[in-house]
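Protein chains: 2
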Amino acid sequence: MTAGTSAPRMRADKERNRSHILEVAQEFFSEEGVSGSLDTIAKRAGVGPGTLYRHFPTREALIAALLQARYDELFDRRDVIERDEPDTARALERWLEALYDYSTAFDGLPEPLRVALFEESSPLATTCENFITATEGFLVAAQRENRAQEWVRGRDLFLGVLATAWVSGAVLADDSSAAVLQAVHKTGWMIPAT
Amino acid sequence: MTAGTSAPRMRADKERNRSHILEVAQEFFSEEGVSGSLDTIAKRAGVGPGTLYRHFPTREALIAALLQARYDELFDRRDVIERDEPDTARALERWLEALYDYSTAFDGLPEPLRVALFEESSPLATTCENFITATEGFLVAAQRENRAQEWVRGRDLFLGVLATAWVSGAVLADDSSAAVLQAVHKTGWMIPAT
DNA sequence: ACACAATACGGAGTCACACTCCGCTTCCCC
DNA sequence: GGGGAAGCGGAGTGTGACTCCGTATTGTGT
Numbered sequence: 018m019t020a021g022t023s024a025p026r027m028r029a030d031k032e033r034n035r036s037h038i039l040e041v042a043q044e045f046f047s048e049e050g051v052s053g054s055l056d057t058i059a060k061r062a063g064v065g066p067g068t069l070y071r072h073f074p075t076r077e078a079l080i081a082a083l084l085q086a087r088y089d090e091l092f093d094r095r096d097v098i099e100r101d102e103p104d105t106a107r108a109l110e111r112w113l114e115a116l117y118d119y120s121t122a123f124d125g126l127p128e129p130l131r132v133a134l135f136e137e138s139s140p141l142a143t144t145c146e147n148f149i150t151a152t153e154g155f156l157v158a159a160q161r162e163n164r165a166q167e168w169v170r171g172r173d174l175f176l177g178v179l180a181t182a183w184v185s186g187a188v189l190a191d192d193s194s195a196a197v198l199q200a201v202h203k204t205g206w207m208i209p210a211t
Numbered sequence: 018m019t020a021g022t023s024a025p026r027m028r029a030d031k032e033r034n035r036s037h038i039l040e041v042a043q044e045f046f047s048e049e050g051v052s053g054s055l056d057t058i059a060k061r062a063g064v065g066p067g068t069l070y071r072h073f074p075t076r077e078a079l080i081a082a083l084l085q086a087r088y089d090e091l092f093d094r095r096d097v098i099e100r101d102e103p104d105t106a107r108a109l110e111r112w113l114e115a116l117y118d119y120s121t122a123f124d125g126l127p128e129p130l131r132v133a134l135f136e137e138s139s140p141l142a143t144t145c146e147n148f149i150t151a152t153e154g155f156l157v158a159a160q161r162e163n164r165a166q167e168w169v170r171g172r173d174l175f176l177g178v179l180a181t182a183w184v185s186g187a188v189l190a191d192d193s194s195a196a197v198l199q200a201v202h203k204t205g206w207m208i209p210a211t
């Protein structure tokens with residue numbers, strides 16, 4: 018059989034540029050947050066802006082490509098939780114923590130993720146959908162054992178995580194608000210074990 | 018005695034321009050959200066950009082001026098709640114609803130408010146501080162009667178409200194997520210009456 | 001009523017960033 | 001190693017934030 022429909026093999030220079038841009042963008046977004054200047058990324062990568070935009074037509078596309086690696090890692094984490102966490106509420110909690118870490122990967126990341134939730138054309142949209150589906154899985158399991166409020170949905174919890182991550186983005190290093198808000202959120206959806 | 022230090026009386030044209038800019042900005046921000054183009058506001062108001070920036074040196078200053086009117090209204094609401102709501106938890110809840118309405122006044126308003134919380138130089142900063150103080154008042158009263166978790170602070174609840182408002186900013190009209198998140202938040206900080 | 005500071009105005013100008021377009025280069029296959 | 005397709009660079013365009021200074025408007029003292 019052939020290599021499959023998904024990888025028509027790239028020209029060498031294209032592939033080289035693409036991965037180099039991603040490296041540079043990774044570093045740049047880590048320093049400046051996801052709303053830093055794209056032209057600067059191109060300059061730092063030693064390519065023209067045209068090249069950057071040909072590879073990643075929008076900022077969201079670039080972010081999506083960067084998140085791809087972490088995406089796989091996140092779903093590994095999900096599998097681990099599913100495998101060795103018998104307590105359904107605790108499992109859901111751990112999954113939400115994982116999601117939180119994911120959406121805190123870069124400064125300002127929650128914003129495009131939130132937007133993507135309501136624009137199906139965004140390259141981040143399907144990513145978000147997957148997160149919601151996974152969340153829904155953990156949530157339903159917890160609800161079946163009466164360990165989560167039955168009036169919440171996966172979508173709501175995902176938005177809650179995003180909102181918490183959004184707040185953290187501006188929180189001072191010594192401020193405990195992010196932790197408190199996570200606790201409020203958790204106390205809100207969870208039903209304590211009997 | 019003289020008119021006092023606070024109002025050195027403005028030149029007629031200055032006063033006229035200032036209030037006209039505010040009218041236009043009010044309408045424009047209502048349509049486009051608080052991150053719309055300032056130059057466009059100047060154009061619509063029939064003044065040069067210089068005039069707009071002389072009156073309101075930053076976007077935050079303009080927003081702050083616009084919020085001033087609603088600010089008074091909000092604190093009236095606080096007084097009403099304080100006067101005729103004997104249930105301390107319900108009083109806090111109503112106050113948080115008022116804050117939520119306030120921070121939903123314009124599209125995108127939660128963002129500058131959040132930023133202002135961590136930049137004391139912002140003209141919105143003192144506004145935020147007042148909100149937190151007021152929230153703290155309701156919260157402490159509720160905590161004294163064991164109707165609110167003792168590990169939350171006014172600042173946390175304010176941030177929680179902002180976060181909820183932030184989510185609502187992108188929510189589809191028929192989506193109930195905003196309401197659910199508010200409920201999660203409430204369930205999180207509140208302790209049911211015995 | 002008038003002149004003359006003082007004050008405020010307007011809009012052209014600068015800078016930074018997003019994003020496009022096309023002549024030229026590089027690659028790959030025969 | 002030749003030729004056509006694929007990709008590249010960077011100059012160019014458009015928009016928005018924000019400044020600067022010559023000009024117009026205002027209020028006041030005479």
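Those protein sequence lines, which keep their order, are chains L and D.
Following my numbering, the numbering of the first sequence begins with 18 at its first residue and continues without gaps.
Following my numbering, the numbering of the second sequence begins with 18 at its first residue and continues without gaps.
Ideal Cβ placement from N, Cα and C applies to all residues, glycine included.
Just so it is clear, the structure is predicted and the values come from calculations on it, not from any experiment.
With respect to chain L, the C-beta atom of R172/D has a partner C-beta closer than 8 Å. As a beta-bridge residue in DSSP terms, A165/D pairs with M207/D. Inclusion of L91/L and L130/L in the CB contact set at 8 Å is not warranted, their separation being larger than that value. The C-beta of Q166/D comes closer than 8 Å to at least one C-beta of chain L. Contact between G177/D and L174/L fails: their C-beta atoms lie close to 15 Å from each other, not under 8 Å. A distance below 8 Å between beta-carbons, with the five flanking residues on each side excluded, links L116/L to the following residues of its chain, in chain order: L91, F148, T152, F175, V178. Under the DSSP assignment, F92/D falls in the alpha helix (DSSP H) whose first and last residues are 76 to 101.
DSSP places A122/L outside any alpha helix (DSSP H), giving it a letter other than H or E. The region 41 to 57 of chain D and the region 118 to 134 of chain D touch, with no fewer than 3 CB-CB distances between them shorter than 8 Å. Within chain D, no C-beta atom comes less than 8 Å from the C-beta of F155/L; the nearest is roughly 16 Å away. Under the Cβ distance rule, V178/D does not count among the residues neighbouring chain L, no pair being separated by less than 8 Å.
Counting other Cβ atoms within 10 Å of its Cβ, E32/L stays below 16 and is therefore classed as exposed. Think of a sphere of 7 Å around the beta carbon of H202/D: the chain L residues whose beta carbon falls inside it are V201, G205, in chain order. When the Cα atoms are used, P127/L and L79/L turn out to be separated by approximately 15 Å. For a Cβ distance threshold of 9 Å, residue set A187, V188, L189, D192 of chain L lies close to F135/D, ordered along the chain.
Residue burial annotation: T211/D is exposed, with fewer than 16 other C-beta atoms found within 10 angstroms of its C-beta.
Only residues of its own chain outside the window of five on either side were considered, and among them L79 have a CB closer than 6 Å to the CB of F73/D, listed in chain order. Contact check for Q166/L against T204/D passes: the beta carbons are separated by less than 8 Å. Less than 8 Å separates the beta-carbon of V184/L from that of A195/L.
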